[in-house]
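S.K.: Numbering-wise, the sequence shown is residues 15 to 293 according to the working numbering. All C-beta atoms, glycine included, are put in the ideal place defined by N, C-alpha and C. Given the structure is predicted, the values throughout are model-derived calculations rather than measurements. Once you've had a glance at the structure underneath, I'll fire off some questions.
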Amino acid sequence: MRVDRAGWQAQGMIPVRTVHVAYAVTMALLVVLTIGAGGAAGWGAWGAIAAMTVLYLAIGRRALVDSAAAAPYDPVRPETSAVVFLCLVIPAATWGVASLSSFAIVQCVLCPLVWLLLDRVRQAVIGTLVLTGSVAVGFVVGFGDLPGALPTMAVSQGLSLAGSIALGLWITRIADLSRERLQLLEGLRAAQAEVEELGREAGAARERERLSADIHDTVAQDLTGLVMLAQRGRRELRGGQAEAMDQTLAALEEGARDALTQTRAIVAATAPVELTDGL
Numbered sequence: 015m016r017v018d019r020a021g022w023q024a025q026g027m028i029p030v031r032t033v034h035v036a037y038a039v040t041m042a043l044l045v046v047l048t049i050g051a052g053g054a055a056g057w058g059a060w061g062a063i064a065a066m067t068v069l070y071l072a073i074g075r076r077a078l079v080d081s082a083a084a085a086p087y088d089p090v091r092p093e094t095s096a097v098v099f100l101c102l103v104i105p106a107a108t109w110g111v112a113s114l115s116s117f118a119i120v121q122c123v124l125c126p127l128v129w130l131l132l133d134r135v136r137q138a139v140i141g142t143l144v145l146t147g148s149v150a151v152g153f154v155v156g157f158g159d160l161p162g163a164l165p166t167m168a169v170s171q172g173l174s175l176a177g178s179i180a181l182g183l184w185i186t187r188i189a190d191l192s193r194e195r196l197q198l199l200e201g202l203r204a205a206q207a208e209v210e211e212l213g214r215e216a217g218a219a220r221e222r223e224r225l226s227a228d229i230h231d232t233v234a235q236d237l238t239g240l241v242m243l244a245q246r247g248r249r250e251l252r253g254g255q256a257e258a259m260d261q262t263l264a265a266l267e268e269g270a271r272d273a274l275t276q277t278r279a280i281v282a283a284t285a286p287v288e289l290t291d292g293l
């Protein structure tokens, strides 16, 4: 059954360690850009980098682990840590963009984080809208008075929003298909196991029927003959026919031996085959 599930992390799409590395690389790149901007960046960019780093170490990492531990089939409410992290890190990123325009590259890691941490597709789309809108506000606050800044910002953020949502929906669809195939495979394995069990039960039933037929055709008939010989011997004993009784006892002994032989043959035929080292 298909569910409206984002939560790539819970579906095993992106390992937690990969996200850690990507976030660290993005922070390092922001440091390089801030150093390159010199005094134009101001303390706002440095403060935003520090805030985003602390937030990720304190809250973001735990939120990712909680998301990865979520059940991959049933959608649940997003973890509180994920909501708190996004509510704090987005304003920090906006602050950074207001201080340094190139800080907008932080969207490269924050947009995937939105889809990683929020469970439902609708939630992830709304989170992406909030992120790109906040970055746009930061750009307007910091550089809106520059010539041509607003059209550039509108085009840039529009492309960023459209690309993030399209990529998010595409990867989510891949995750849905993978999950559906996994469920079908598990169902197929369960059906195969059930068929094998039914086959074993049917084989056991056939074997019991064969044993019943063998016992009826061999041992039961021999035992019936023994009963008849025993009855004849009793009559001969009452009549004092010693010689006839001796013959009857001999026949009784032979019949018992035959029954024993037949029983051993049936037991040997139904015993499991022992495997040897060679063929």
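Could you pull the start and end residues of the alpha helix (DSSP H) that I104 belongs to?
M.R.: Here the question's residue 104 lines up with position 90 in the sequence shown. Its alpha helix (DSSP H) spans residues T94 to S113.
S.K.: Which residue from S113, A219 and L78 puts its Cα closest to that of G53?
M.R.: Counting from one through the sequence shown, the residue named residue 53 turns up at place 39. G53 has its Cα closest to that of S113, out of S113, A219 and L78.
S.K.: For the alpha helix (DSSP H) that contains F157, what are its first and last residues?
M.R.: Taking the sequence shown and counting its residues from 1, the one referred to as residue 157 is at position 143. Note, F157: alpha helix (DSSP H), V135 to F157.
S.K.: Helix or strand or just coil, what does DSSP make of I28?
M.R.: To locate residue 28, count along the sequence shown from 1; it is residue 14. The answer is coil: DSSP assigns I28 none of H, G, I, E or B.
S.K.: For G52, name the three-state secondary structure that DSSP assigns.
M.R.: Along the sequence shown, one-based indexing puts residue 52 at 38. Three-state DSSP puts G52 in a helix.
S.K.: Short of 8 Å in beta carbon distance, which residues of its chain neighbour V79, apart from the five on each side in sequence? Order them along the chain.
M.R.: If you number the sequence shown from 1, residue 79 lands on position 65. For V79, where only same-chain residues beyond five positions count, the Cβ hits under 8 Å are V30.
S.K.: Report yes if the CB atom of G247 is closer than 7 Å to the CB atom of G269, and no otherwise.
M.R.: Stepping through the sequence shown from its first residue, residue 247 is reached at position 233. Stepping through the sequence shown from its first residue, residue 269 is reached at position 255. Taking 7 Å as the Cβ cut-off, G247 and G269 do not qualify as a contacting pair.
S.K.: Count the other C-beta atoms from every protein chain shown that fall within 10 angstroms of the C-beta of L124, then say buried if there are 16 or more, exposed otherwise.
M.R.: For the purposes of this step, residue 124 is taken as residue 110 along the sequence shown, with counting starting at 1. Buried is the call here.
S.K.: Looking at V149: is its Cβ nearer than 7 Å to the Cβ of V111?
M.R.: By one-based count along the sequence shown, residue 149 stands at place 135. By one-based count along the sequence shown, residue 111 stands at place 97. Against a cut-off of 7 Å, the Cβ pair of V111 and V149 comes out as a contact.
S.K.: Candidates G217, R76 and A227: which alpha carbon is nearest V97's?
M.R.: The count along the sequence shown starts at 1 and reaches residue 97 at position 83. Checked all of G217, R76 and A227; the closest Cα to V97 is R76.
S.K.: So, helix, strand or coil for G254, using DSSP?
M.R.: Taking the first residue of the sequence shown as position 1, residue 254 is located at position 240. Three-state DSSP puts G254 in coil, outside helix and strand.
S.K.: Using the Cβ count rule (16 or more neighbours within 10 Å means buried), how would you classify S226?
M.R.: For the purposes of this step, residue 226 is taken as the residue at position 212 of the sequence shown. Flag for S226 reads exposed.
S.K.: Applying the criterion that 16 or more other CB atoms from any shown protein chain within 10 Å of the CB defines a buried residue, is T108 buried or exposed?
M.R.: Looking up residue 108 in the sequence shown gives position 94. By the neighbour-count rule (16 or more Cβ atoms within 10 Å), T108 is buried.
S.K.: If I measure Cβ to Cβ from L175 and keep anything under 6 Å in the same chain, skipping five residues before and after, which residues do I get?
M.R.: Along the sequence shown, one-based indexing puts residue 175 at 161. So the list reads T146, once near-sequence residues are dropped.
S.K.: Just verifying my parser: in three-state terms, what is the DSSP assignment at A282?
M.R.: Within the sequence shown, residue 282 is the residue found at index 268, counting from 1. It is helical.
S.K.: May I ask which residues mark the beginning and end of the alpha helix (DSSP H) holding V128?
M.R.: Counting from 1 along the sequence shown, the entry for residue 128 is found at position 114. Run containing V128: Q121 to L131, per the alpha helix (DSSP H) assignment.
S.K.: Measuring CA to CA, which of A62, L263, I28 and G156 is closest to V120?
M.R.: Locating residue 120 in the sequence shown gives position 106, where the first residue counts as 1. Of the listed residues, the one whose Cα sits closest to V120 is A62.
S.K.: Between the stretch 127-144 and the stretch 191-203, do three or more beta carbon pairs fall short of 8 Å?
M.R.: Not touching, per the Cβ criterion.
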